[in-house]
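Novice: Counting in our numbering, the sequence shown runs from 18 upward without gaps.
My questions will all concern the structure given below.
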Amino acid sequence: MTVRFSSKRPLTEEEEADVQRMIASDPDNPEVTEEQVAKARPFRDVFPDLAASIDREKARRGRPKLSSPRVAVTLRMEPAVLEAFKATGEGWRSRMEDALRRAAGIDETAG
């Protein structure tokens with residue numbers, strides 16, 4: 018698209034006519050008629066087996082569902098506590114969770 022068809026200003030009548038001529042002369046993308054729109058049906062109605070296949074494929078994507086998913090929380094704490102856990106290196110979040118489990122008296126193998 019050239020600058021003369023930029024969306025920063027409205028098209029002049031001549032430019033609009035040029036655009037309409039280009040649209041009309043595009044053999045690869047003819048305008049849809051009202052009759053075609055009236056006959057249109059949802060993809061799922063026209064290709065039910067393919068739609069079901071797509072749904073099954075989409076359902077398989079991503080990580081498997083966890084039996085006990087974690088819950089995201091926001092927790093305010095003293096910076097020294099957070100830094101102490103971070104200083105232990107990779108896996109500090111798991112170690113923090115283990116410490117909280119012990120403090121709560123929860124069996125560490127239950128999670």
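Think of the CB as a built atom: it goes at the ideal place given N, C-alpha and C, for glycine as much as any other residue.
Could you check whether A69 and F60 sit closer than 8 angstroms to each other, using their CB atoms as the reference points?
Specialist: Counting from 1 along the sequence shown, the entry for residue 60 is found at position 43. Counting from 1 along the sequence shown, the entry for residue 69 is found at position 52. Cβ atoms of F60 and A69: not closer than 8 angstroms.
Novice: Between I40 and E52, is the Cβ-Cβ spacing less than 8 angstroms?
Specialist: The residue given as residue 40 occupies position 23 in the sequence shown. The residue given as residue 52 occupies position 35 in the sequence shown. Contact: no.
Novice: Within the continuous alpha helix (DSSP H) that includes M39, where are the two ends?
Specialist: Here residue 39 refers to the residue found at position 22 of the sequence shown. Segment E30 to A41, the alpha helix (DSSP H) holding M39.
Novice: Checking 8 angstroms against the spacing of the C-beta atoms, do R87 and F102 come in under that value?
Specialist: The residue you call residue 87 lines up with position 70 of the sequence shown. The residue you call residue 102 lines up with position 85 of the sequence shown. Not in contact: R87 and F102 (Cβ atoms no closer than 8 angstroms).
Novice: Does DSSP classify P47 as helix, strand or coil?
Specialist: Counting from 1 along the sequence shown, the entry for residue 47 is found at position 30. The answer is coil: DSSP assigns P47 none of H, G, I, E or B.
Novice: Give the secondary structure of K56 by DSSP, where H, G and I count as helix, E and B as strand, and everything else as coil.
Specialist: Here residue 56 refers to the residue found at position 39 when the sequence shown is read from its first residue. Looking at K56 - three-state DSSP - the assignment turns out to be helix.
Novice: G79 to G122, Cα distance in whole Å?
Specialist: Your numbering for residue 79 matches position 62 in the sequence shown. Your numbering for residue 122 matches position 105 in the sequence shown. If I take the Cα positions, the gap works out to 34 angstroms.
Novice: Quick check on the DSSP output: the alpha helix (DSSP H) that includes M113 runs from which residue to which?
Specialist: Locating residue 113 in the sequence shown gives position 96, where the first residue counts as 1. Per DSSP, M113 belongs to the alpha helix (DSSP H) from W109 to A121.
Novice: Following the continuous alpha helix (DSSP H) through V98, name the residue where it begins and the one where it ends.
Specialist: What you label residue 98 is simply residue 81 of the sequence shown in a count that begins at 1. Residues P96 to K103.
Novice: Determine the direct distance from the alpha carbon of V90 to that of D115, and round the result to whole angstroms.
Specialist: Position 98 of the sequence shown, counting from 1, holds the residue named residue 115. Position 73 of the sequence shown, counting from 1, holds the residue named residue 90. Distance between the alpha carbons of D115 and V90: 16 angstroms.
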